[in-house]
Amino acid sequence: MAAELTVPQLSAKHRPTLDQALSAIRSRAYWSPHPEHPKAYGETAPADGLAAFEALRGTRIDLGQPGTDGWTGSEKSPYGPELGVEYPHVDPDVLLPAMKAGMVAWRDAGPEARALVCIEILARISARTHEFAHAVMHTSGQAFMMAFQAGGPHAQDRGLEAVAYAYEEQTRVPGQADWSKPQGKKDPLELGKTFTAVPRGIALMIGCNTFPTWNGYPGLFASLATGNPVLVKPHPRAVLPLALTVQVAREVLAEAGFDPNLVALAVERPGEGIAKDLAVRPEIKLIDYTGSTEFGDWLEANARQAQVYTEKAGVNTVVLDSTDNYKGMLANLAFSLSLYSGQMCTTPQNLLIPRDGIATDAGHKSYDEVVADLAASVGGLLGDDARANALLGALVNPDVKTRLEAAAGLGEVALASREVTNPEFPDAVVRTPVMVKLDAAKPDPEAPFLSECFGPVSFAVAVDSTADALDLLRRTVREKGAMTVGAYTTSPDTERAVEEVCLEESAQLSLNLTGGVYVNQTSAFSDFHGSGGNPAANAALCDGAFVSNRFRVVEVRRQA
964 MAAELTVPQL SAKHRPTLDQ ALSAIRSRAY WSPHPEHPKA YGETAPADGL
1014 AAFEALRGTR IDLGQPGTDG WTGSEKSPYG PELGVEYPHV DPDVLLPAMK
1064 AGMVAWRDAG PEARALVCIE ILARISARTH EFAHAVMHTS GQAFMMAFQA
1114 GGPHAQDRGL EAVAYAYEEQ TRVPGQADWS KPQGKKDPLE LGKTFTAVPR
1164 GIALMIGCNT FPTWNGYPGL FASLATGNPV LVKPHPRAVL PLALTVQVAR
1214 EVLAEAGFDP NLVALAVERP GEGIAKDLAV RPEIKLIDYT GSTEFGDWLE
1264 ANARQAQVYT EKAGVNTVVL DSTDNYKGML ANLAFSLSLY SGQMCTTPQN
1314 LLIPRDGIAT DAGHKSYDEV VADLAASVGG LLGDDARANA LLGALVNPDV
1364 KTRLEAAAGL GEVALASREV TNPEFPDAVV RTPVMVKLDA AKPDPEAPFL
1414 SECFGPVSFA VAVDSTADAL DLLRRTVREK GAMTVGAYTT SPDTERAVEE
1464 VCLEESAQLS LNLTGGVYVN QTSAFSDFHG SGGNPAANAA LCDGAFVSNR
1514 FRVVEVRRQA
């Protein structure tokens, strides 16, 4: 097919971005090519993006995919409105062979061309960030600003980060080499060698409800940039952002002279549950999944023909030992507990507090005082309904509401949840967090703090000492996993002890955060999301290991 976009054109446009991304993953310094502020996209961008989103409602997104055997779509916004968008339902027996047909040309294009095409896809998505923000907001329940930032530039950053790692790993070995081995008085042995990064096969990306783009883009772009076709299977409640992504990717691939079927969409009918069937098909060689531990474990055990990358559930913990900024600690934790109603895989759940209290710059604070002050800080942060709506968003599904209501019966309630009305979306289910007091001294293998309670729920757990807190931290990370660990201490010895636990159990640690950086937020190109070293996830976003097993290097030797 004729290419409207040539590699030289793409190189002139995007090679500087690729080089900067490569520099950023090596230096770990702050960098992003995608603006965080809505005004950076032009004066009319907010209105244009909203209009584009509204124009999608009640329509059919026809991707022109082979194997389309019907139409489906049942998304309802957590804010209330039905989206009414229909998507192609596909017959995998037809679609998968069509996806495989374009692999050879995509493989032969080489790592740089693939990276440049991927960056063009991201650039076009970036130009439509306002439209994507509304799509993310109305499928995930995130408040608009969070949907804009996390679903837009931050997700695009994570996608670009994966492209950079993919390029770095694929070009670690030269494309060709002349080999000459001396033989003394005889002529040397001489060979010409070529080395080609060969993709594994079709990748299946199984999307999540809460962060469809942020969690989806790393796997999607890591697989595509390493030469693999990608079948995107969205969560049934969050199809639109990934359908738009697939639409853009297919357009760019076709314009660059490649088969658009290298990226395709698989949407399930209500209750169909196609992920299990797709996951074990022999054509599927890579799987990326974010979601429940139960299904993640099933994928790891049953999709034996595929390399499986999972991000599952964990019990995120904060150890409170001491602080020299009590007010800052409370404010930082209050924001972390409130953001997106705690519906983040990185939100703290267990707050481990010595029952004798902690030393602070405001004097010694007892366990009860710390809990009461933190509850008051959360209450103050969310006391104004307008601000509460902007931080909390909406509960993504009824299961979160059920867990929130049940949590109040698990112990003494230190902070009761309250209902917040959203005047713009009166059908939205908005609730402030609940905080429950629990005691680690009471031996109970079924203690609530030993399992994840996803949503706006936290447990203020009384422990006998900081040493006991570290023992409990180690146990929960080892047995249940953790995406994040936080700690507050003024003691160098305690700091080293917390760090040692996290190093031994492979948990990402944040120490003494009291400003505008929060334990549940990570920055692409610098922070690792998950470690791959504890039960919460078997991969990190993003490192070399996340991309290097998506391809193999095949060598051809020729007699010189």
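If you're matching positions, the sequence shown starts at 964 in this note's numbering and goes up one per residue.
Note that the Cβ used here is the ideal one computed from N, Cα and C, for glycine as well.
Nothing here was measured: the structure is a model prediction, and the numbers come from that model.
*Could you give the residue range of the beta strand (DSSP E) that holds A1140?*
1139-1146
*Unbroken alpha helix (DSSP H) runs of length 4 or more, entirely within the segment 1316-1365: which are they?*
1330-1344, 1348-1355
*According to DSSP, is I988 helix, strand or coil?*
Residue state, collapsed to three classes: helix.
*Look at the alpha carbon of P1233 and the alpha carbon of V1202, and state the distance between them as a whole number of angstroms.*
12 Å
*Taking the C-alpha atoms as reference points, what is the distance between Q1306 and F1422?*
Each residue's CA atom was taken as its position, placing Q1306 and F1422 some 15 Å apart.
*Hey, is S1299's beta-carbon within less than 9 Å of any beta-carbon in chain B?*
Structure shown: chain B not included; a single protein chain is present.
_Segment contact flag, the segment 1216-1225 with the segment 1107-1125, C-beta cutoff 8 Å, min 3 pairs_ = no
*Along the chain, where does the alpha helix (DSSP H) that runs through Q1210 open and close?*
1203-1218
*Taking F1509 as the reference, which of A1129, K1156, S974, A966 has the closest Cα?*
Nearest C-alpha to F1509: A1129.
*8 Å CB neighbourhood of P1389 in its chain, flanking five on each side removed*: G1043
*In chain order, which alpha helix (DSSP H) runs of at least 4 residues are fully inside the segment 1144-1197?*
1180-1188
*Below 8 Å on the Cβ atoms is my guess for V1482 versus P1311; work out the distance and round it to an integer in Å.*
6 Å
*L1466 - DSSP class collapsed to helix/strand/coil*: The answer is helix: DSSP assigns L1466 an H, G or I state.
*asked:* If distances are taken between C-alpha atoms only, which option among Y1289, F1417, V1136 comes closest to T1365?
replied: F1417
*Taking Cβ to Cβ, would you say E1024 is nearer than 9 Å to L1302?*
With the sequence shown as reference, residue 1024 is identified as Ile, and Glu is not the correct amino acid for it. For I1024 and L1302, no; Cβs fall outside 9 Å.
*Leaving out five residues on either side along the sequence, give the residues of the same chain with a beta carbon under 6 Å from the beta carbon of A1008.*
H1093
*Is the number of C-beta pairs between the segment 1160-1167 and the segment 1238-1254 that are closer than 8 Å three or more?*
Verdict: yes, contact present.
*Ignore the nearest five residues each way along the sequence and tell me which others in G926's own chain have a CB closer than 8 Å to its CB.*
Lying before the first or after the last residue shown, residue 926 is absent from the chain, which here runs from 964 to 1523.
*Close beta carbons around R1520, own chain, < 7 Å, minus the five adjacent residues each side*: L1154, K1156
*Comparing alpha-carbon positions, which option in R1394, G1005, R1077 lies nearest G1190?*
Distances from the CA of G1190 to each of R1394, G1005, R1077 were compared; the closest alpha carbon is that of R1077.
*Tell me which same chain residues have a C-beta within less than 6 Å of the C-beta of F1184, skipping the five on either side of it?*
If the five residues before and after F1184 are omitted, its C-beta is found closer than 6 Å to the C-beta atoms of C1081, G1122, A1125, V1126, all from its own chain and listed in chain order.
*With E1231 as the anchor, note down where its alpha helix (DSSP H) starts and where it stops.*
Element bounds for E1231: n/a, residue is neither H nor E.
*How big is the Cα-Cα spacing for D1260 and P1411?*
21 Å
*Thinking T1439 and S1473 are a contact (beta carbons under 8 Å), I'd like their distance in whole angstroms, please.*
With 8 Å as the limit, T1439 and S1473 do not qualify as a contact, their Cβ atoms being about 16 Å apart.
*Nearest residue (CA-CA) to A1068, options F1016, Q1119, P1162, H1052*: P1162
_Quick check on this structure: which residue in N1313, T1429, A1276, A987 has the alpha carbon closest to the alpha carbon of D1456?_
T1429
*When S1304, S1494, R1441 are compared against V1383, the one with the closest alpha-carbon*: S1304
*Counting along the chain, where does the beta strand (DSSP E) carrying P1051 start and finish?*
1050-1053
*Reduced DSSP secondary structure (H/G/I, E/B, other) of Y1042*: Under the three-state reduction of DSSP, Y1042 is assigned to coil, being neither helix nor strand.
*Would you tell me roughly how many angstroms separate the C-alpha atoms of P1197 and I1237, rounded to the nearest one?*
Those two C-alpha atoms are separated by around 11 Å.
_Along the chain, where does the alpha helix (DSSP H) containing F1514 start, and where does it finish?_
Element bounds for F1514: not the alpha helix (DSSP H) but the beta strand (DSSP E), 1514-1522.
_Checking 9 Å against the spacing of the C-beta atoms, do A1229 and V1271 come in under that value?_
no
*So what's D1402 in DSSP terms, helix, strand or just coil?*
strand
*Look up G1479 in the DSSP assignment and give the residues it is bridged to.*
Note: G1479 sits in no beta bridge, so no partner.
*Which of the three DSSP states, helix, strand or coil, is assigned to R1459?*
helix
*Based on Cα-Cα distance, which residue from V1464, T1452, V1278, S1489 lies nearest to L1413?*
V1278
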